[in-house]
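Quick note: our numbering has the sequence shown finishing at residue 746, numbered continuously throughout. Ideal Cβ placement from N, Cα and C applies to all residues, glycine included. To start, the structure under review is shown below, and the notes come after it.
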Amino acid sequence: MNTTSSAASDGSGSAVSHDMLANAIRALSMDAVEKAKSGHPGMPMGMADVATVLFSEFLNYDPKAPDWADRDRFILSAGHGSMLIYSLLHLTGYDDVTLDEIKNFRQLGSKTPGHPEFGHTQGVETTTGPLGQGFANAVGMALAERMTNARFGDDLVDHYTYVIAGDGCLMEGISHEAASMAGHLKLGKLIVLFDDNGISIDGSTDLSVSDDQLMRFEAYGWDTSRVDGHDAEAISAAIEAARADDRPSLIACRTKIGFGAPTKEGKSSSHGAPLGADEIAGARENLGWSAGPFEIPAEVLDAWRAIGAERAGAHVAWTARYDSADAATRKAFDAAMSGKLPEGAEEAIKDLIAKHAAEKPKLATRVASQKALEALQPAIPELVGGSADLTGSNNTKVGGQDAVKAGDYSGHYIYYGVREHAMAAAMNGMALHGGLIPYGGTFLVFTDYCRPSIRLSALMGLRVIYVMTHDSIGLGEDGPTHQPVEHVAALRAIPNLNVFRPADAIETAECWLAALQDEHRPSILALTRQGLPTVRDGDTSENLSAKGGYVLADASGARKVTILATGSEVEIALAAKAALDADGIATAVVSMPSIERFTAQDAAYRKQVLGASSLMVAVEAGIRQSWDGLIGLDGIFVGMNSFGASAPYDDLYKHFGITSDAIVAEVKKRLG
């Protein structure tokens, strides 16, 4: 084959060629896919040369300490080619990925699932597979590196983010938003290695795309270059040049998918299916690889393990710098990277709640959220906000938050522009990097644009906070295109996601604290445009919103009706309770800021809140779906069953029958 050979020492004086190192990746990849009868052998075989150069010459990592803070980040955005990273992790000596795990590729319980999963396998920095997401995560990681560097300096934070991305990643629209953002912010320590093989599942990429990717990325302000992806020396030179440039870099690596396969090299047939026994035998012959399935010659494995040990030297050097830093810097750095909330955060929220309880303000919950941020920002140096060009509407920026800019990354606020997709994915990257707690805002209806990233936040268990305002028909005149009638229900369908819809300023502060305290779950804060009165009364010492639901106003006497409500509809529920009580119908109101949190409580608490045998009513300016689990099929729902309309919000609530009078009428009709 036409690879350019280089040598690596196995530690005993013998030399192993670059070709043999790369072929070990190819052999493991095609063997694992063949055994599983499932997978994508073509990309790992095509990008083996590029990955070998990266892992042997440039990437700083430590197989025995996979999570050390200043390691370089490697993102396999083209996650379908997962055997590339699994092969590398095994060969370089990560404990998680044994040869048995390679043999169990794509099998239940293995450390080698079909696509790389963060938190499941050592050395996997993010969950990839949905194309373009890893690319956008990497932009967030590269930004987080610069922001933590601005705080702690080069001695503690100074690393690169490397990405392997394919044609599919660059076709996905999220790549445009993320690449534009990276170019604007001049994230020079981001290097993307583009697997430019010209093949997608359907066949040649000529069928569907004719973009000049280098010209495209040049327009974003990136450094770009093109290289033979099977020439080790050329790859090395290209990466070296990219590292010297102060712009983000795209290196288009022209490769052959399925490199070495006798009849499937360069064809879509090697993309997403096992090669077959005959093709693998032919590939072994073409590659000069005589070892049997899953066999790595000792000298090759020793050479790879020596590479892993050598690259870990950067960790040793970093540890010396860390040890020589002053105690205060080390303490602050450790606190930031731990992800733990500073002690002052909870106290700041408690003080704010006490203030709200005394003053009983009437505030839109988006404004109440801003007041919570004003209290939290001084207490949490790691808190970093932003908005997708809706800062003034989302109320996500507070005093003292300077903007993050190209060349000055010391700020705490990011102007994402109209890039909802990239904002959400970049926040995932920041959370994965560590040292920052990201939150970002847009309108709730635009969670449609953020949803793939929100789902991945939940799948990975990341503390990312989505400040989603204009949460219902209550936003008024902008009309049905902007009124999110189905979005709260749709978000509640995502596992491991907190969906908070607070009713007033006190609940908003409580929800913010609950979201920040939940280190392994993302949160949605669905917030109103319109002003809401303070409905919470009495003791505020306990964070009742963190329980998901609680009795806000109990019945006087034996409860006949329980009204469950969220957000702006809690006020309406309280008015309905007053009318029903006046007519002798004992009614309780339950505020339910988070159904997910409430259903996670023990049965005794849920029973105490919901009551034993009362008529159940749910009130929400959204669709019914997600409420039947609480009110039952026979329960009453007062809410939306259609899209909204353009009008002042008071008129809309009357038009769609979300009023206290409508609740009372429905209850009386049912009770007879």
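Does the distance from the C-beta atom of residue i to that of residue j stay below 8 Å?
| i | j | result |
| --- | --- | --- |
| T200 | F209 | no |
| G731 | V712 | yes |
| D545 | R575 | yes |
| L587 | I423 | yes |
| S597 | Y540 | yes |
| D146 | L133 | yes |
| T602 | A438 | yes |
| T235 | K260 | no |
| R764 | D229 | The chain is shown from 75 up to 746; residue 764 falls before or after that span and cannot be answered. |
| S527 | A567 | no |
| A505 | L536 | yes |
| G508 | T166 | no |
| L565 | S443 | no |
| G703 | P554 | no |
| W142 | H389 | yes |
| L361 | N97 | yes |
| A101 | W378 | no |
| Y294 | S254 | yes |
| T313 | L128 | The residue you asked about is not Thr; residue 313 is Ile in the sequence shown. Cβ distance < 8 Å, so I313 and L128 count as in contact. |
On the DSSP letters alone, give me the boundaries of the beta strand (DSSP E) that residue i sits inside.
| i | result |
| --- | --- |
| P512 | I511 to F517 |
| F574 | N572 to F574 |
| F226 | It is not in any beta strand (DSSP E) - F226 instead sits in the alpha helix (DSSP H) that spans Q207 to F226. |
| D302 | D297 to D302 |
| R328 | S323 to R328 |
| V390 | Segment G387 to S398 is the alpha helix (DSSP H) holding V390; no beta strand (DSSP E) there. |
| I149 | R147 to L150 |
Which residues in the same chain as residue i place their Cβ atom closer than 6 Å to its Cβ, once the five residues preceding and following it in sequence are excluded?
| i | result |
| --- | --- |
| Y723 | G548, G550 and Q604 |
| M104 | P115, L349 and I354 |
| F226 | F407 |
| T516 | A462, L464 and E494 |
| V644 | A577, V609 and S665 |
| H486 | V458 and Q475 |
| Y523 | E494 and H495 |
| I488 | G460 and V478 |
| P140 | Q196 and G197 |
| S720 | E551 and G553 |
| Q699 | A563 |
Per DSSP, which residues does residue i bridge with? Please list them.
| i | result |
| --- | --- |
| M542 | T516 and A600 |
| G694 | The identity of residue 694 in the sequence shown is Glu, whereas the question assumes Gly. Per DSSP, G713. |
| V663 | A627 and I637 |
| K479 | D482 |
| V458 | P512 |
| S278 | I273 |
| A239 | F268 |
| Y489 | S461 |
| G605 | A438 |
Going by DSSP, what residue range makes up the alpha helix (DSSP H) through residue i?
| i | result |
| --- | --- |
| A96 | H92 to A110 |
| F291 | Q287 to A293 |
| I313 | A306 to A318 |
| F407 | A401 to S412 |
| L590 | A579 to Q591 |
| E417 | E417 to E433 |
| A160 | This sequence places Tyr at residue 160; Ala is not what is there. S156 to T166 is the span of the alpha helix (DSSP H), which, as asked, contains Y160. |
Within its chain, find whatever has a CB closer than 7 Å to the CB of residue i; leave out the 5 residues flanking it on each side and keep chain order.
| i | result |
| --- | --- |
| L426 | K445, A446, A449 and A583 |
| D302 | A308 and R328 |
| N76 | In this predicted model, N76 has a pLDDT of only 37, less than 50, meaning its place in the structure is not dependable enough to derive any value. |
| M501 | G214, P512, G514 and V538 |
| S716 | none |
| V231 | D144, E219, T222 and N223 |
| G706 | M690 |
| S278 | G272 |
| A453 | P416, G418, A419 and A422 |
| V492 | A462 and D463 |
| G481 | K260 |
Got a sec? Which residues, its chain only, sit under 8 Å from residue i by beta carbon, not counting five neighbours each side?
| i | result |
| --- | --- |
| S282 | M245, S274 and D276 |
| A316 | I265, D297, S299, S323 and I325 |
| S184 | E175 and N178 |
| I646 | A639, V693, Y727, I732, T733, S734 and I737 |
| S630 | D655 and A660 |
| A649 | S734 |
| E131 | S310 and I313 |
| K405 | none |
Q: Kindly confirm or deny that the stretch 624–632 and the stretch 651–666 touch, where touching means at least three C-beta pairs closer than 8 Å.
A: yes
Q. Does the stretch 99–111 come within contact of the stretch 284–295, defined as at least 3 CB pairs closer than 8 Å?
A. no
Q) So does the stretch 117–128 actually touch the stretch 143–158, counting three or more Cβ pairs closer than 8 Å? A) yes
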